[in-house]
Amino acid sequence: VKHAATLGFGTPGVLHGSMSYILQDHDGQILEAHSIAAGLDYPGVGPEHSFYKDNGRASYVSVTDSEAIKAFNRLAELEGILPALESAHALAYLPRLSEEKEKHNPQDQWLVVLNLSGRGDKDVHTLAEAMEVSI
706 VKHAATLGFG
716 TPGVLHGSMS
726 YILQDHDGQI
736 LEAHSIAAGL
746 DYPGVGPEHS
756 FYKDNGRASY
766 VSVTDSEAIK
776 AFNRLAELEG
786 ILPALESAHA
796 LAYLPRLSEE
806 KEKHNPQDQW
816 LVVLNLSGRG
826 DKDVHTLAEA
836 MEVSI
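Note that this note's numbering has the sequence shown beginning at 706, numbered continuously upward.
Following this line, the structure appears as structure tokens:
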């Protein structure tokens, strides 16, 4: 399975002189990472994120490329906004987050702030290729 979910599937190791979670085999050799989003296509993660994960200060989730593409398309169709593919991954998680919150605390009101960093026009050719669409 190709992915770049370092914090979900990686193990502690050293990459570029920094101890953090990385995608590696049992011999410590770096594995190839894959994400449709260029900014997420990396086999490691900063040591700060590893620290936050290990201490429970942050939780990390993953979504598939196809989920990110669906989220990109949904925002583009409904709002006319082309999010960067990196941000589309966060958008793709919102329905799951909503279901989890509703299941555990149906009476609670909650607020989600999601930052759309970057811009999606740079990703149009990548999306067209992934969706097998000619432009």
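In this text, a Cβ means the ideal position worked out from N, Cα and C, and glycines have one as well.
Given the structure is predicted, the values throughout are model-derived calculations rather than measurements.
Among all the DSSP beta bridges, which residues are the ones paired with Leu749?
-> The question names Leu, yet the displayed sequence has Gly at residue 749. For Gly749, DSSP records a beta bridge to Ile727.
Residue range of the alpha helix (DSSP H) that includes Val829 | Following the DSSP letters along the chain, one finds Val829 inside the alpha helix (DSSP H) bounded by residues 829-835.
Who pairs with Pro717 in a beta bridge, going by DSSP?
-> The beta-bridge partner set that DSSP reports for Pro717 consists of Tyr726.
In the DSSP assignment, what residue or residues form a beta bridge with Ile735?
-> Looking at the DSSP assignment, Ile735 forms a beta bridge with Gln729.
Contacting residues, own chain, Cβ-Cβ under 6 Å from Leu819 (five flanking each side not counted) = Hits under 6 Å: Ala795.
For Ser839 and Gly825, the rounded distance between their alpha carbons | Taking the straight line joining both Cα atoms gives about 17 Å.
What is the C-beta distance between Leu720 and Ile741, in whole angstroms, given that I count them as a contact (C-beta under 8 Å)?
-> Contact doesn't hold; Cβ gap of about 22 Å is too wide.
Between the Cα of Gln729 and those of Phe714, Leu799, Val766, spot the shortest distance and give me the residue it belongs to.
-> Among Phe714, Leu799, Val766, the Cα nearest to that of Gln729 is on Phe714.
Specify, as a first and last residue, the run of the alpha helix (DSSP H) that Pro788 falls within.
-> No alpha helix (DSSP H) contains Pro788, which DSSP labels as neither H nor E.
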